[in-house]
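As structure tokens, the structure follows; a few thoughts come after it.
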Amino acid sequence: MALLRHHHSSMALLLASAAFLSSMICPTLGATDFIDCNTPCNGGDVNYELTASIRIMDLMNYTYKGRTYSREGDDTFMGPTMHVAPGQSLWIKFRNEMKPDLQPKQVEIEDYWEMLKKPGEKIKYQYYKEPVAKPELMKVDHPNIPHNFDSTNLHLHGLDVEVHMFDPVNTHNPDAPHISIDPGQCYCYRFNVPHHHPGGLYWYHPHLHGSAAVQMWGGMLGLLYVDGPLEDEMEAYGISNVHEFVIWDPALRAVNNEPTHNLEVDRFLMGQTTLSKIHPFLVNGQYNPTLTTAVGQVLWLRALCATVENENTFMVYRQGEEDQPWDDAAIPFWVVASDGVTYQKPQRKRIIVMAGAQREEILLQFDEPGTYVISQQGIQGLQFFDMYGHPHDQTLATIVVHEEEDDKSKLHPTKPIADMQFTPGYHPDEDIQAKEITRTETIVYSMGANRDQAPFPQYYVNGKPFAPNRLDFFAHPGEAVEYILINGNHNVHPFHIHVNRFQVQEMGSELSTETYPVLKHVMEFEPSVWRDTVVIPPNGRARIWVQYKNYTGKTVFHCHFLAHEDTGMMSTLFIGPPDYVFRLEEHLPLLMGVAVGMMLTLVALVVLVSCRRGEPKAVYEPVATMNELKAKAQD
Ligand SMILES: [Cu+2]
């Protein structure tokens, strides 16, 4: 519209006609899934209502105020657990009742400038550029400064459903805007879960660029189960001691500003990361909860790593042996599913590394009674900013293992875990084959530390921060693509691709696993395992094969440390052919050419007509005079 104001009125008319014409050509342009909040949104096989609001809640021994999906009276900080079966439609009426009265507020450019002018002890980057003399001189990348903290949207993480980052859901309009649900607004999400969808543990969280991290730090997340055979098969094996295990690194605003519990979000955090925070990881919203089992009984943990900006190691020790070398003291366990996809056979592990968004279904079995701890250890040197006091060597949960019951059969599984078999989420035939790969693309995740720029630090994909109006990557439905994911930094970036899963083919790092022992486990992978999120090792790479299977349209991939995503580490991905959209600016030269041509033609016509009007005067007047003369002569 800005264009119109600068042009002559006849040109404006022409452009307005063109815009009208384009809206006729492209009927999807005006489509939206925003609804009036009184309008029902319940036409699915399964229907949920989800509300984002600001609530005062109890967490551990503290009372805090936070952005949340939970409701008054809930005994959890998380949103409602959702269930859906393959083949069902899932409708979610999403309501934003957040009020913009909560910290943190967006960081001002002056704040960045003050911080970068005199970097404090805690800012220890390798700087690229010097600070500038005054805030006005800073280079500011507005879309990538975390902002708009009370607007939100919804992402079903890991689900193979319609693309849903842009409005409306399933949009193929390359210009479609991010779904941004403001306070007071409602949105009707309509999904169709395919018949062949793997059953397992999925989850949902906000995903509006600029506010996703702050909202997740506040606890906006929830679990979503796609029903499958796993629960029944576990039950058939006699496994019934099951717990959700949601790992979360909160940063919450304390109501009373209690200095002791580290729940206050500080101003740096709003713009970037948890630089100065030492916060404990919580499990299911609790600090070091206790789980109980008995000798021989299987403890099934359905683990989600819902950390905003931390990786997390999962190891089990007899209490007091946490300081022993891992390989000696860590107690083996079994993993039966990753990222919602069940394996055919359990895999034995001593340590797993999980980063933001990853899920693992874990089976534990103890031979001796006693007290055990689930610990995350030894991530020094690789954790993001861990050198500034991030949690490591901390206990996630305690497990009390009782003596065996007299009636063994009551608690023991029907067979050893090693011999168990499960219905795999994907059939082995579905593994991506090398011959199916149509092309290879390289995707580099890196950071900048230019002190003349906001946001700081800068987060890049292939050297560029996220741009809302740019399409970055394209894929065709059905094709398999190889991505070589490169991490240029000395920390991890978990890579997540929406809608489609992938298989990891290779992982590597230039760092030494002797210097960084945990790196060995960061780089463990099985090509047969399907993932939706993979950790790109520090100063390393992950080579993955993606198959674009069911859904097409406009979506994204990004770093699942949401603080990095909010600050620029995201790309737009278009699957399939975009709808044709008439873009005025692309056609302006042609339109102007046509307009000039029409005007020239008009001028020529006017000249011609006026010439013709002149001619009779020149030609006939003498004749008329002649006639007059004749007439006079005949008189
Ligand atoms: Cu990252």
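According to our numbering, the stretch in the sequence shown is residues 538 to 1172, in order. Don't be surprised by glycine CBs; every beta carbon is placed ideally from N, CA and C.
Asked                                                                                                                                                            : Found
For Val1146 and Ala1132, I'd like the C-alpha separation in whole angstroms.                                                                                     : 21 Å
Suppose only complete runs of 4+ residues qualify. What are the alpha helix (DSSP H) ranges in the segment 736-799, listed by chain order?                       : 749-754, 767-773
So the alpha helix (DSSP H) Tyr1117 belongs to, where does it begin and stop?                                                                                    : Note, Tyr1117: premise wrong, no alpha helix (DSSP H); not H, not E.
Can you list, in chain order, every residue whose CB sits closer than 6 Å to a heavy atom of ligand 1?                                                           : His1030, Cys1096, Phe1098, His1101, Met1106
Who does Gln937 pair with in a DSSP beta bridge?                                                                                                                 : Note that residue 937 is Val in the sequence shown, not Gln. The partner list for Val937 (beta bridge, DSSP) reads Thr829, Thr908.
For Gly857, is the classification buried or exposed, using 16 other Cβ atoms within 10 angstroms of its Cβ as the cut-off for buried?                            : exposed
CA-CA distance, Thr879 and Glu768?                                                                                                                               : 11 Å
As an exercise, report each continuous alpha helix (DSSP H) stretch of at least 4 residues that is fully enclosed by the segment 665-741, in chain order.        : none
For Thr960, which residues in the same chain have their Cβ closer than 7 Å to its Cβ, ignoring the five residues on either side in sequence?                     : Pro766, Glu770, Thr879
Look up Lys602 in the DSSP assignment and say whether it is helix, strand or coil.                                                                               : strand
When the Cα atoms are used, what is the spatial distance from Gly610 to Ile716?                                                                                  : 29 Å
Tell me whether Asn1024 sits in a helix, a strand or coil according to DSSP, three-state version.                                                                : strand
Around the Cβ of Thr830, are there at least 16 other Cβ atoms within 10 angstroms (buried) or fewer (exposed)?                                                   : buried
Given a cut-off of 8 Å, decide if Met891 and Asn825 are closer than it, judged by their beta-carbon atoms.                                                       : no
Put Thr1052 into one of helix, strand or coil per three-state DSSP.                                                                                              : coil
Would you give the residue range spanned by the beta strand (DSSP E) that Met594 belongs to?                                                                     : 583-596
According to DSSP, is Ile646 helix, strand or coil?                                                                                                              : helix
According to DSSP, which residues form a beta bridge with Phe1094?                                                                                               : Ile1034, Ser1108
Could you please give me the residues that DSSP links to Ile1081 through a beta bridge?                                                                          : Tyr1020, Val1041
Considering just the uninterrupted stretch of the beta strand (DSSP E) at Glu1102, what are its terminal residues?                                               : Not the beta strand (DSSP E): Glu1102 falls in the alpha helix (DSSP H), residues 1099-1103.
Looking only at its chain, what residues have a beta carbon closer than 6 Å to the beta carbon of Thr977, apart from the 5 residues adjacent to it on each side? : Glu1019
Name, in chain order, the residues that DSSP records as bridge partners for Val1144.                                                                             : BP columns for Val1144 are empty, so no partner.
Using a 10 Å radius around the Cβ and a threshold of 16 neighbouring Cβ atoms, would you call Gly1130 buried or exposed?                                         : exposed
State buried or exposed for Asp687, treating a residue as buried only when at least 16 other CB atoms are found within 10 Å of its CB.                           : buried
Taking the beta carbon of Pro711 as the centre, do at least 16 other beta carbons fall within 10 Å, making it buried, or is it exposed?                          : buried
Here's the rule: buried if 16 or more other CB atoms are within 10 angstroms of the residue's CB, otherwise exposed. What is Pro950?                             : buried
Of all the options Trp785, Phe851, Gly755, which has the alpha carbon lying nearest to the alpha carbon of Gln823?                                               : Trp785
To which residues does DSSP link His620 through a beta bridge?                                                                                                   : Tyr762
Do you know how far the Cα of Asn575 is from the Cα of His964?                                                                                                   : 44 Å
Check Met615 in the structure and name its three-state DSSP category.                                                                                            : coil
Short of 6 Å in beta carbon distance, which residues of its chain neighbour Thr1070, apart from the five on each side in sequence? Order them along the chain.   : Ala894, Gln895, Pro1031, His1033, His1097
Which one of Trp650, Val677, Pro680 has the shortest CA to CA distance from Val669?                                                                              : Trp650
If you check the beta carbons only, do Glu846 and Leu738 fall under 8 Å apart?                                                                                   : no
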